[in-house]
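Novice:
In our numbering, the protein residues as written are 14 to 579.
1. Which value, in whole angstroms, describes the spacing of the CA atoms of residue 99 and residue 161?
2. Could you check what DSSP says for residue 384 in three-state terms: helix, strand or coil?
3. Going by beta carbon distance, what residues of the same chain come within less than 6 Å of residue 559, once the five residues before and after it are set aside?
4. Compare the C-alpha of residue 584 against each of 215, 149, 111 and 420 and name the closest.
5. For the beta strand (DSSP E) that residue 152 lies in, which residues bound it at each end?
6. If you follow the alpha helix (DSSP H) that residue 424 is part of, which residue opens it and which one closes it?
7. Alpha carbon to alpha carbon, what distance is there between residue 156 and residue 46?
8. For the beta strand (DSSP E) containing residue 281, list its first residue and its last residue.
9. When you compare the segment 486–502 with the segment 519–532, are there three or more beta-carbon pairs, one atom per stretch, that lie closer than 8 Å?
10. So, helix, strand or coil for residue 487, using DSSP?
11. So what does residue 537 bridge to, in DSSP terms?
12. Taking Cβ positions, are residue 176 and residue 564 nearer each other than 8 Å?
13. Do you know how far the Cα of residue 181 is from the Cα of residue 569?
14. To the nearest angstrom, how far is the alpha carbon of residue 286 from that of residue 489?
15. Could you tell me how far apart the beta carbons of residue 2 and residue 339 are, in whole angstroms, since I believe they sit closer than 8 Å?
16. What's the gap between the Cα of residue 62 and the Cα of residue 312?
17. Taking residue 580 as part of the beta strand (DSSP E), name the residues at either end of that continuous run.
18. Between the alpha carbons of residue 71 and residue 350, how many angstroms are there, rounded?
19. Over the uninterrupted alpha helix (DSSP H) stretch that includes residue 180, give me the two end residues.
20. Measure the C-alpha to C-alpha separation of residue 254 and residue 387 and round it to an integer number of angstroms.
21. Who are the near neighbours of residue 571 in its chain, counting only those whose CB is closer than 8 Å to its CB and skipping five residues on each side?
22. For the segment 391–398 and the segment 427–446, state whether three or more C-beta atom pairs, one from each stretch, are separated by less than 8 Å.
23. What residues are listed by DSSP as bridge partners for residue 86?
24. With 16 other CB atoms within 10 Å as the buried threshold, where does residue 216 fall?
25. Kindly indicate the opening and closing residues of the alpha helix (DSSP H) around residue 197.
26. Near residue 168, which residues of its chain fall below 8 Å by C-beta distance, leaving aside the five closest residues on each side in sequence?
27. The beta strand (DSSP E) that contains residue 390, what's its start and end?
28. Look at the alpha carbon of residue 214 and the alpha carbon of residue 111, and state the distance between them as a whole number of angstroms.
29. Tell me, please, which residues DSSP counts as bridged to residue 252.
30. Among 245, 375, 412 and 509, which one has its Cα closest to the Cα of residue 268?
31. Where do the ends of the beta strand (DSSP E) carrying residue 560 lie?
32. In whole angstroms, what is the alpha-carbon distance linking residue 127 and residue 442?
33. Quick check: the segment 360–368 against the segment 460–473, are there 3 or more CB pairs under 8 Å?
34. Helix, strand or coil: how does DSSP classify residue 113 here?
35. Using the beta-carbon count (16 or more within 10 Å), is residue 135 buried or exposed?
36. Taking residue 452 as part of the alpha helix (DSSP H), name the residues at either end of that continuous run.
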């Protein structure tokens, strides 16, 4: 771990300005020209197409602690043919939590994951929101349906592996019904149909709930964006940890910062999605599925909830879309959280925002301008309970993933100026990069506070691998720390022998060392994850520790850039 507090103590500059003028916000980074935003897409057509497979029935109903929980067995659609996929019918558990008193026709729908063939997942979280806000909450499971096997290849796929496979099929065939977000969005639309129909029935109590605040995390967050774009019943959205709007530009930024692809997007590299970033069909795919291409429709209130330590996306990714979003928009970066947001208070923000939208209450605004030196000047129309500046430094790389850096974000209170604005900045460190942002906490009358933030600023503004080619065939680099330098230097033959014996390599193996830190690069044969798993087990028998993984573009090992700034 790196001691951010020690490194930053000398260089952190909290600036309280006496003047009332605000700096001009710098121009957004230019992006490649693109076609006019579409009025109708293949996604619209797929969602609107009638499907006789759609049906639902109540599976169970129980009342506890003032909330009635109803589990519905729902079939949302049939997707593709038996020749394409082993299970064409998409089946879901749809769980409704209905409080004794319903104060709004606006309900909440959380789009969730899970695998088919299991019991409905816990509804404790949505029950808590329903009870606290007197609104109907629902949870839709198995989006996407999984696991799935395609084209009889014998491999059961889940999550990103399904998404990547379907993207590959679109790139190869041009069939616009292949991308997985088509059925994922349709399942959310059918869930809203089902919720409204059940609640309006005698069994459902004759309630009118026909507008929704949608939320979902990761690819379910992507689904949240797109469902909001195609269905006008959506009056608020909370996309969570899907900080990748303007995906083509955002993912290139990912590569130019790290110099490699993070292992979390390995499924997309495995299917050669990243190698084809600049192919015309890839651009067409993003035209179909990137929420950025639907931004002209996304005018409903939106709370964009991201993690500063996300394994997939960089913490400054919002600069590629924030200024282009329309309507009421609110941002929160959760400090010291990763893609799973475990151990954070992110759920409190979901509850508070849902309460405000479902009850027609005004959401407090946080706006900011940014000076040329990176100073944030923060304005809040409603007085916040507090405003903090969060900051972290990585002395070796422009890498703020929680799994890499650890929970290194610290904070300090900012006091308002005479004009009520808050001003703060973290200066660049002597070595490495510093990330920082401002966070305001509001009492909005909900059971939990609402926290909003600025975007994340990173200094120095240097992408250390800008210009590096992201389209080369992939290789894997495994990093580990050996017990000593002698062990590190003797590891080459042992690693090569093991990889050859197990048939895990398609070609050469390169082992380089920096002190006790070993970098092992190879051309993988077969599944990336299985290769990494077996190598990690073997290296563990050599008493190696502190493992990390890089998916390279080409055969060169990427070493930390060790940026000097002073």
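Built from N, CA and C at the ideal position, the CB exists for glycine as well.
Note that the structure is a prediction, hence the values are computed from the model and not measured.
Specialist: On the basis of the supplied data:
1. 6 Å
2. Correct three-state label for residue 384: coil.
3. 494
4. Nothing can be reported for residue 584, as the shown portion of the chain is limited to 14 through 579.
5. Unbroken beta strand (DSSP E) run through residue 152: 150–153.
6. Taken as a continuous stretch (DSSP letters only), residue 424 belongs to no alpha helix (DSSP H), being part of the beta strand (DSSP E) at 423–426.
7. Here residue 46 scores only 49 on pLDDT, less than 50, and its place in the model should not be relied on; the value that follows carries that caveat. Spanning the two alpha carbons is a distance of roughly 33 Å.
8. Per DSSP, residue 281 belongs to no beta strand (DSSP E); it is in the alpha helix (DSSP H), 279–283.
9. yes
10. Residue 487 falls in the strand class under three-state DSSP.
11. Residue pairing by DSSP places residue 537 opposite 518 in a beta bridge.
12. no
13. 26 Å
14. 16 Å
15. The structure shown has nothing for residue 2, since the chain only spans 14 to 579.
16. 25 Å
17. With the chain represented from 14 up to 579, any question about residue 580 goes unanswered, as that position is not in the structure.
18. 37 Å
19. 172–186
20. 25 Å
21. 271, 272, 273, 478, 490, 563 and 565
22. yes
23. 70 and 106
24. Answer is exposed; the Cβ neighbour count stays below 16.
25. 194–213
26. 162
27. 389–393
28. 14 Å
29. 229
30. 412
31. 558–566
32. 43 Å
33. yes
34. Taken through DSSP and simplified to helix, strand or coil, residue 113 comes out as coil.
35. exposed
36. Taken as a continuous stretch (DSSP letters only), residue 452 belongs to no alpha helix (DSSP H), being part of the beta strand (DSSP E) at 446–455.
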